[in-house]
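Some notes on the structure that comes next.
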Amino acid sequence: MGKGITSRAEDYSAWYNELVIKADLAENSDVRGCMVIKPYGFAIWEKMKAELDRMFKETGHVNAYFPLFIPKSYLSKEADHVEGFAKECAVVTHYRLKTSESGGVIVDPEAKLEEELIIRPTSETIIWNTYKKWIQSYRDLPILINQWANVVRWEMRTRLFLRTAEFLWQEGHTAHATKEEAIEETEKMLDVYAEFAEQFMAMKVQKGRKTESERFAGALDTYCIEALMQDGKALQAGTSHFLGQNFAKAFDVQYASKEGKQEYVWASSWGVSTRLMGALIMSHSDDQGLVLPPKLAPIQVAIVPIYKGEEQLQKIAEVANKIADKLKEQGISVKFDDRDTHKPGFKFAEYELKGVPVRLALGQRDLENGTIEIARRDTLTKESCDQADVVSKVVALMKEIQDNLLNKSQGFQQTNSHHCDDYEEFKSLINKEGGFIYAHWDGTSETEEKIKNETKATIRCIPLEGSLEEGKCIYSGKPSKQRVIFAKAY
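Here the working numbering runs 4 ahead of the position in the sequence shown, where the first position is 1.
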């Protein structure tokens, strides 16, 4: 990839880390485990956020904001929840600093909080404590709220976008009168996530349910979308949880039904995070750099002038700006890069590295011939095109590139999905090829744990699509009604 970036085949992990930094997406900060998302990376996240926000609002949700701090006692109210998050919580114990004799600052020992505050690892507890005040009657339901926020989960081994101590996300929290409504909401939001992953990220996903041991802490059921990265490892790209009445009971959230009876509320929660950035990078990018689907690319078209002297640049700029204006009228984001501080070759490499879907090059000879060069980032192919046709050609390319990336992702997942009925073959596949392995499982957490310990493979999900199929567990030989998806995962 030039500039000494490792190839995927050589070291996939190093390739990923170097690409995130070289493509100007993010960098490690001086705060251990936390990242700085740079403007180009944040522009991609903003595109994701805008589309998801639109989809949430189209399904009846509204945005709100809840406190960053959660009183410690709230986390104690739901036993499974506190156990699931206890080891990841950052705790605030004091509310003031004071100047020390040496001139620095120290924590003021007199300023100890009566009750410690937890920096939110997720917001179920603070939100359900609030819902108690909002919900009295069936007329107050449903509540369909989403929050865009940051959360902190104290991670020791971090990787940019994939696992950081602080990350950005959205979390939906809904309250319903009936179990059926809450389950319907949980499934609906999973469909929203799958549609976003496939239609905008151009990333094929598998929808499924988590096993009991992989469920969200405090949920009765967790649904997920799982994607397959180019190194054969799975990545959980989004989750939607049916919380039952666990949080309503923990925070005593009841409503008067139409019949005048006091009933506990039913709940769901669901979220995706900046981890989607990691999924996007690893799904499509190559040894030349980032590859972005047009729908999420901050710059969809870069125009690079090739010129000698100011006079040539002015003539080229006149044509380039007209093309840029026509493309913008079609809703395409364009950058005309007339920087005189960098040569065209540098600019070509930069836009390739940053994954800009289409690059146009315009030189003196093109002006004479009425042509322009079009380069596609997804296929790394170039062609000459008449200037009169370039706008319609680029508009068509936006859809073509988006579709091509999804087709490649689907093809990759298909090629790397294996049905397996023999445990020795299973171990060999997991270690050598990776991918999704569809195998029978006896439904016990003991077998799940043994397979995980022996192979590092986990059950990514119990697929929602696909027929039930009688078989024997790959490990224990006991009866099984359906294949589940095993994989090594991020």
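Each residue gets a CB set at the ideal place from its N, CA and C atoms; glycine is no exception.
By the Cβ criterion, the stretch 301-315 is in contact with the stretch 353-363, since at least three pairs of Cβ atoms, one from each stretch, lie closer than 8 Å. At least 7 Å separates the beta-carbon of residue 215 from that of residue 226. Here DSSP, grouped into helix, strand and coil, assigns residue 87 to helix.
Residue range 16-26 is occupied by the alpha helix (DSSP H) that includes residue 19, with no beta strand (DSSP E) assigned at that position. Residue 322 sits in a helix when the DSSP states are folded into three classes. As DSSP reads the structure, residue 66 sits in a beta bridge with 149. Taking every protein chain shown into account, the CB of residue 373 has fewer than 16 other CB atoms within 10 angstroms, so this residue is exposed.
With a cutoff of 7 Å on beta-carbon distance, residue 30 and residue 164 are scored as near each other. In the three-state scheme derived from DSSP, where H, G and I count as helix and E and B as strand, residue 345 is classed as coil.
Taking all protein chains in view, the Cβ of residue 407 is surrounded by fewer than 16 other Cβ atoms within 10 Å, so the residue is classified as exposed. Counting along the chain, residue 100 sits inside no beta strand (DSSP E), nor does DSSP assign it H or E at all. Per DSSP, the beta-bridge partners of residue 248 are 271. Secondary structure at residue 226: strand, using DSSP grouped into helix, strand and coil.
Between the alpha carbons of residue 247 and residue 116 lies a gap of roughly 35 Å.
Residue 142 places its beta carbon less than 7 Å from that of residue 262. Between the stretch 366-380 and the stretch 390-400 there are three or more inter-stretch CB-CB distances shorter than 8 Å, so the stretches are counted as touching.
With the rule of 3 Cβ pairs closer than 8 Å, the stretch 199-208 counts as touching the stretch 409-419. Comparing alpha-carbon positions, the option among 96, 52, 19, 13 lying closest to residue 279 turns out to be 52. Distance from the CA of residue 447 to the CA of residue 484, rounded to the nearest whole angstrom, comes to 7 Å. Taking C-alpha positions only, residue 44 is separated from residue 189 by approximately 34 Å.
Annotation: residue 421 is outside any alpha helix (DSSP H); the continuous beta strand (DSSP E) that includes it extends over 421-423. Counting only runs that start and end inside the stretch 328-388, the alpha helix (DSSP H) elements of at least 4 residues fall at 348-357, 368-373. The stretch 178-189 and the stretch 90-109 do not touch, with fewer than three beta-carbon pairs separated by less than 8 Å. Residue 439 places its beta carbon 7 Å or farther from that of residue 457.
CA-CA distance, residue 425 to residue 472, rounds to 16 Å.
Using a Cβ distance threshold of 7 Å, residue 238 and residue 493 count as a contacting pair. For residue 279, the enclosing alpha helix (DSSP H) has its first and last residue at 279-288. Rounded to the nearest whole angstrom, the C-alpha separation of residue 465 and residue 283 is 17 Å.
Residue 154 has 172 as its beta-bridge partners, per DSSP.
In this chain, residue 119 is not harboured by any alpha helix (DSSP H); it is covered by the beta strand (DSSP E) spanning 116-123.
Linking residue 345 to residue 311 through their CA atoms gives a straight-line distance of about 13 Å. Taking 7 Å as the cut-off, the beta carbon of residue 201 is found no closer than this to the beta carbon of residue 211. Around the Cβ of residue 445, a 10 Å sphere holds 16 or more other Cβ atoms; the residue is buried.
Here residue 266 carries a strand assignment [DSSP, helix/strand/coil].
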